[in-house]
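Residue numbers (the working numbering): 70 to 186.
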């Protein structure tokens, strides 16, 4: 299992595959399979059985949804000079004193711009 540095809600850039160059927000991270689901990327059509809900409305037919994409095919996206560019993720440790105790917190940092994520 790879070390996953991307979290739900992050904006990512697709760097490989049929949707290369597309950006989107991470909807779900599937840690055990090393995959992420990105909004608007890797869309598939799924044929679902027609059924009825409790209120009597019919559901089903052909539904378009996002499929998972491998974590190695996405890169965190940050804004630099008005453009969205891909960046690697680093970690900076910061010591914080609270209630007389010193705690270490880990802060994710964009390697390209140096700013906190």
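All C-beta atoms in this analysis are idealised placements derived from N, C-alpha and C, irrespective of residue type, glycine included.
Q: Starting from the C-beta of residue 99, find all residues in its chain whose C-beta is less than 8 Å away, skip the five residues before and the five after it, and write them out in chain order.
A: 105, 106 and 137
Q: In the DSSP assignment, find the unbroken beta strand (DSSP E) run with residue 126 in it and report its ends.
A: Where residue 126 is concerned, there is no enclosing beta strand (DSSP E), given that its DSSP letter is neither H nor E.
Q: Report the three-state DSSP secondary structure of residue 75 (helix, strand or coil).
A: coil
(Q) Using C-beta distances below 7 Å, list every residue in its chain close to residue 142, excluding the 5 sequence neighbours before and after it, in chain order. (A) 83, 84, 85 and 86
Q. Can you tell me whether DSSP reads residue 118 as helix, strand or coil?
A. strand
Q: Tell me the start and end of each unbroken alpha helix (DSSP H) in the segment 81 to 106 that is at least 4 residues and wholly inside, in chain order.
A: none
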